[in-house]
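Have a look at the structure below before the remarks.
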Amino acid sequence: MSTDSKDLATTDGGAHGSVDIPHKPRRADTDIKAARRAERQVSALFLISALSTIGFVVAYVAFPSDEIITVPVIGPTNASNFFLGLALGVALFCIGAGAIHWAKKLMPDVEEVGARTPIGATPDETAAAAELFEEGADASGFVSRPIIRRSLLTALVLLPIPAVVLLRDLGPLPGTKLRETIWADGVRVVSDVSYLPIRLSDIPVGGMVSAVPENLPEVEEETGTLNARAKAAVIVVRMLPSEIRSQQNDDWSVDGVIAYSKICTHVGCPIGLYEQQTHHLLCPCHQSTFDLADSGNVVFGPAARQLPQLAIAVDEDGYLVARGDFAEPVGPSFWERG
Amino acid sequence: MATGAAQAEAAPAASAATATQIEEGRQLYLEGCSSCHGLNAEGVSAADKENSNGPGLIGVGAAAVDFQVGTGRMPLAAPGPQAPAGPKYGELPYDQEQINAMAAYVASLGPGPAIPTAEMLDYEDADLAQGGELFRANCSQCHNFAGKGGALTNGKYAPPVVNSEPVHIYEAMLTGPQSMPVFGERTILPEQKQAIIKFIKTTAEEPNPGGLALGRIGPVAEGIVVWIVGLGALAAVAVWIGVKSK
Amino acid sequence: MSIATKAGGGAAKYLDERTSSNKFLKKNLGKIFPDHWSFMLGEIALYSFIVLLLSGSFLALFFKPSMTEVIYNGSYVPLNGIKMSEAYASSLDISFDVRGGLLMRQIHHWAALIFVASIMVHLLRVFFTGAFRKPRELNWLIGVVLLTMALLAGFSGYSLPDDLLSGTGLRIAEGVMLSIPVVGTYLSMFVFGGEFPGIDFIPRLYTVHVLFIPGAILGLVTVHLMLVWYQKHTQYPGPGRTNDNVVGFRLFPIYTAKAGGFFFIVFGVIALLGALATVNPIWLYGPYMPDQITAGSQPDFYIGFLEGSLRMTPPIEWTILGYTISWNVLIPGLILPGLMFTAMGAYPFLEKWITKDDSVHNLLDRPRNAATRTSLGVMALTFYGILFIGGGNDVIATTFSLSINAITRVLQVLIIIGPPVAFLISRRICLGLQRRDREKLLHGRESGIIRRTPEGEFYEVHAPLSAEEKAVLMSRQVIEPLAIPVAADENGVRNPGGRTERLRARLSRFYYGEQIPMPTAAEIAAADEHLAHDSDHTLEPARTTEVAEGEVSEFGQIMQSEALPRDRTPTGS
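Right under this line is the structure:
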């Protein structure tokens, strides 16, 4: 293709001239050997891509989904993922590299100039449009017939309402849901995962247990959701009774064993980083820190409310039980919380 | 104040400590530990300005000694918020025989958790899946989902556990070292501890099917790779496309 | 004519007789596109979006968007026998039991990360070069909306597998929803179909992620590209480039090859990332349980700034007459991002109002030439960057052995003083660069060659600027700030728009207050003469485009490669 400025239709943006800077020719422009070499390079890239695609199919058939190979630097990895990905990546990359190399080396690299016609209609065109609009508006009577206009607007304004109303059954009303958990008087405190009941003597000083209500598995079976767990999870820790500087109610703990909600009052992440020596409970999400030896008050971080404490006691068989539900809603604050 | 599980059961010792072993342990203790932990392991309070303070060791049990000294946390390298595992370079200052002696001495001071037996550490038949559930319920909040460790407050951190010895993992759960809470034998039963250890060890050896693991610390590493490697490579290609060819 | 050309011509005629397509071809096959690497950043976003559509379609054939509890029984042994949602189980199946499944998952996730990252970089390029000015304000707005959609697409996407890490993110989102006054609890109940986590959310999120958002993005991207096509791309100032032309290469074949090739490169790089680097290893995170969590819980990087703002906001909560307003959640979770995106969207209109600039701009600004705009951008980036770093404060703490509490405190201070300081430093740097450009125009380029006169004086020889460089440096315009209007005329009649006009003038003064004056034409002419007569030996201008065969400069540099035979005339087409 010649590189001088052809008089192609000087339509908007189309090429109609070259820039007024002397053009430095590339090697391939003047040297046929260099051009042929560039051609070979481009073709080689395309061929590598083709071979790589075939390699992909071979890899797909050859490697089952669970075979592990050891690759330098990466270590043991999935053979199928590695080879499929490598083959696909190389195949795609080489087509792109080939096309770009082709453009850079062999396609013309003389900069051409196109015109920018101003954007916008001419004043005549605008006037004509305005006239058409006015004629149409007059013809419709939108302005001159106010009762049509007003009733139409009334109808249109009301029309989006069904779309909103239809969303009502997306979910239930909040009611008292956020204020209640499944904890109740007499419900045993059991270890998470194993659901084994806990005796007072099971927890050593400095110990921590992630615990849930004993009826949680039943409730989860019945409801098929994790909603109860999301509010009822607690953390039970033991410190020396003398180490408890304050708690939300003096008879809510037993012999240094004290239970707090595991759900952070900031935005609801489960807390679990209990520092045995400082009695601080750190939430890993946003670093809200609660002092479990001091009524679960916030000592650092963005949480604004103390952790709700769960009142616990020991039942006649010696196991830890709750004495009722939490005294306040657990988890993040909300408008109606009070 | 005892850092250990003063109320935990003292499990039957693997082998009865002899009087000579206890005496040897006492000598090693006096040399290397008493300046912070007291001549009779009663502890040194922070008010005593002449010496660094350390908690009393009566009742911490042999397991605590084996853990702290065996992982190089003790003798404490420098005062600070964290007692890091050590040593950074070279070998531990004490060999296992000496550690056993010191452990025997401390165990003789008061009942405390004993060094886990080989039977207790045998995790081959443990329930791997349950180990994972237990790990995620009790451990991952501090040590991260793959046991790579995580931050605690004020400069402390929960160290990585992936490369720890099974015995040390067991002992850590048993004795609650430093900031770590105690997971007694009756809230996390021995077979559950074995399951957790099996999970940690399996995870450590697990291949990374997707390629480079990027540290197994989550999206932060992925973000770094995307900006530096991904966009970097693509910007470089864009520059290549735009640059005039020779 | 070859068979291919005949067939091609036949097809073109067939289509043309029904759609006038040949008119379109005539007009556009030769359309000129300016060629600068920074114009390809938006292309990265477009191409990675296509990769997302392709890989996402594959994943959609295997993923089960359901929170029904199942017991896993697949190839990944450490989770065998565990209860989990179908969504998580199907994601595990894709990763371990479908050949190429893990690759597609990783390609999809890497592509999402690159999509958002490239939109950000593209946005920065457009901002710093002033490409959002008339007639492209609408495109800027569309772009801001596209960025928002991209963030939502990413967040909804990585939350679909219902793993421990992303589920934690959903819990945080629900907590933010709850903090909204009056309607927060209702919104949360409606979105989740009840309490958290419920069983409705993943299927709903799936519809949002697979239908609503991609549809919106596709539509908006189409309008975005149509506007670029119609208005023609902007270009950097340079030789031959004016506000009324486009200098570059034709659409066909050059731009097609380069842009088309770049698509394959982007796809290829993403695929290689999918092969070589793990992303989102959901099997290690475990299934989502609302009472479990991992240390180092972070969202994907593009949500990191929100995570940081949540971590850094002080614990401010008001309880008034039994109602709670959680500012500690509302501000970082909703108010701050709302303000940031509004400011972003409004900026072109703000700048227009301040500068009263209603002219069409097709030539880009060099960032240094728009010192205040650039500095405002640097200030915004600093603000964003501090929030972003705050989102990873626990990883920083463990990596560098610092206290997370100390990091948080430092960042809380930095977020206040950092941006203004960054603004001031950036403005000074821009003005310094303007000064240096002026020096270059008046005194030429420093050549690094020191010459000694017979009298013993040492001086540095300056070389004249090349034509390209001169054209670029000359493109800067010094703009006068608006005059401050009088409050009242000589008869005491108050200026009706007085207050706003005075504010506008003052802002204009802030905007254009400090600029380095451009040398006048006379000064430049004098400078050129001076350089030409500087000494007996004039240096050749750098980056010369005029090449004479076999010319050797005075310093022994061969001006043309020896390898190229000098007497060969170009042959071939």
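Protein chains in written order, with our numbering: chain U, 310 to 647; chain D, 7 to 252; chain X, 387 to 959. Using N, Cα and C, we set each Cβ at its ideal position, and we do this for glycine too.
Along chain X, in chain order, which residues have C-beta atoms closer than 7 Å to that of residue i?
i: E139(D); result: I468
i: Q147(D); result: I679, T680 and A681
i: V188(D); result: Correct list: empty, because the minimum Cβ distance to chain X is about 19 Å.
Along the chain, where does the alpha helix (DSSP H) containing residue i start, and where does it finish?
i: W423(X); result: Element bounds for W423(X): n/a, residue is neither H nor E.
i: A622(U); result: Per DSSP, A622(U) belongs to no alpha helix (DSSP H); it is in the beta strand (DSSP E), I621 to V623.
i: D548(X); result: Segment: none, D548(X) is in no alpha helix (DSSP H) and carries neither H nor E.
i: V226(D); result: P225 to V231
i: R345(U); result: I341 to A371
i: G804(X); result: I790 to H829
i: V496(U); result: That residue, V496(U), is in no alpha helix (DSSP H); its beta strand (DSSP E) goes D494 to S500.
i: E900(X); result: No alpha helix (DSSP H) holds E900(X); DSSP gives it neither H nor E.
i: L365(X); result: This structure gives no information on residue 365(X), because the portion of chain X shown stretches from 387 to 959.
What residues are listed by DSSP as bridge partners for residue i?
i: N606(U); result: D600(U)
i: A874(X); result: R880(X)
i: F635(X); result: F419(X)
i: R547(U); result: V566(U)
i: R837(X); result: Y845(X)
i: I377(U); result: N387(U)
i: S519(U); result: I544(U)
i: G60(D); result: V50(D)
i: Y648(U); result: A query on residue 648(U) cannot be resolved here, the shown segment of chain U reaching from 310 to 647 and no further.
i: S555(U); result: D603(U)
i: I572(U); result: P579(U)
i: S861(X); result: Per DSSP, none; premise fails for S861(X).
i: E832(X); result: H848(X)
Counting only Cβ pairs nearer than 7 Å, list the residues of chain U close to residue i.
i: I247(D); result: I409
Quick check on residue i - is its C-beta less than 8 Å from some C-beta in chain B?
i: M548(U); result: This model lacks chain B altogether, as its protein chains are U, D and X.
Between which two residues does the beta strand (DSSP E) containing residue i stretch?
i: L710(X); result: Checking the sequence, you will find Thr at residue 710(X) rather than Leu. Segment Y709 to I711, the beta strand (DSSP E) holding T710(X).
i: A632(U); result: Checking the displayed sequence, the identity of residue 632(U) turns out to be Arg instead of Ala. First-last of the beta strand (DSSP E) with R632(U): L629 to R632.
i: K199(D); result: Unbroken run through K199(D) is the alpha helix (DSSP H), P196 to E211; no beta strand (DSSP E).
i: K94(D); result: Per DSSP, K94(D) belongs to no beta strand (DSSP E) and is neither H nor E.
i: G646(X); result: Where G646(X) is concerned, there is no enclosing beta strand (DSSP E), although the alpha helix (DSSP H) it sits in stretches over T642 to L662.
What does residue i reach in chain X if we use C-beta pairs closer than 8 Å?
i: T159(D); result: S789, I790 and N791
i: I223(D); result: G682 and V781
i: E130(D); result: The premise fails here: E130(D) is roughly 14 Å from chain X at the closest Cβ pair, so nothing lies under 8 Å.
i: F73(D); result: Correct list: empty, because the minimum Cβ distance to chain X is about 21 Å.
So residue i contacts chain U; which residues on that side make the cut at Cβ distance below 9 Å?
i: L218(D); result: V382, I383, G384 and T386
i: G546(X); result: Strictly speaking, residue 546(X) in this sequence is Leu, with Gly absent from that position. Ordered by position in chain U, no residue passes the 9 Å Cβ test against L546(X), which lies about 17 Å from the chain.
If the cut is a Cβ gap below 7 Å, which residues of chain D does residue i touch?
i: G672(X); result: G138, R142 and F151
i: M426(X); result: A244 and I247
i: F576(X); result: Residues of chain D passing the Cβ test: none, with the nearest at roughly 29 Å.
Could you tell me which chain D residues have their CB closer than 9 Å to the CB of residue i, listed as they occur along the chain?
i: N390(U); result: P215, G216 and G217
Could you work out which residues of chain U lie near residue i, taking near to mean beta carbons separated by less than 8 Å?
i: E703(X); result: A613, R614 and S642
Discussion item. Counting only Cβ-Cβ distances shorter than 7 Å, please list the residues of the segment 580-603 of chain U near chain X, keeping chain order.
Written reply: G581, P593, C594, H595 and Q596
Fill in: Whole runs of the alpha helix (DSSP H) within the segment 740-782 of chain X, excluding any shorter than 4 residues
757-776
Worksheet item: What are the complete beta strand (DSSP E) segments, minimum 3 residues, inside the segment 126-157 of chain D?
Response: Runs found: none.
Practice prompt. Can you give me, in chain order, the residues of the segment 770-798 of chain X that have a beta carbon less than 8 Å from any beta carbon in chain U?
Written response: Residues passing the 8 Å Cβ filter: N779, D780, I790, N791 and T794.
Worksheet item: Which parts of the segment 19-53 of chain D are runs of the alpha helix (DSSP H), unbroken and 4 residues or longer, counting only runs that do not cross its ends?
Response: 25-38 and 40-43
Item to complete: Could you run through the segment 487-513 of chain U and flag, in chain order, every residue whose CB is less than 9 Å away from some CB of chain D?
Response: S500, D501, V502, S503, L505, I507, R508, S510, D511, I512 and P513
Worksheet item: What alpha helix (DSSP H) runs, 4 residues minimum, are completely inside the segment 685-709 of chain X?
Response: Counting whole runs of 4 or more residues, the segment 685-709 of chain X contains the alpha helix (DSSP H) stretches 690-698.
Fill in: Near-chain X residues of the segment 392-406 of chain U - C-beta to any C-beta below 9 Å
F392, L393, G394, L395, A396, L397, G398, V399, A400, L401, F402, C403, I404, G405 and A406
Fill in: Contiguous beta strand (DSSP E) assignments of at least 3 residues, all confined to the segment 481-546 of chain X
Runs found: none.
Item to complete: Name, going along the chain, the residues of the segment 83-106 of chain D whose beta-carbon falls closer than 7 Å to a beta-carbon of chain X.
Response: none
Worksheet entry | Minimum length 3: unbroken beta strand (DSSP E) runs contained in the segment 388-474 of chain X | Along the segment 388-474 of chain X, the beta strand (DSSP E) occurs as fully enclosed runs of 3 or more residues at 455-457 and 469-471, listed in sequence order.
Discussion item. So if I threshold CB-CB distances at 8 Å, which residues from the segment 691-715 of chain X count as touching chain U?
Written reply: E693, L696, R697, M698, T699, P700, P701, I702, E703, T705, G708, Y709, T710, I711, S712, N714 and V715
Discussion item. Short of 9 Å Cβ to Cβ, which residues in the segment 153-183 of chain D face chain X?
Written reply: K154, G155, G156, A157, L158, T159, N160, G161, K162, Y163 and A164
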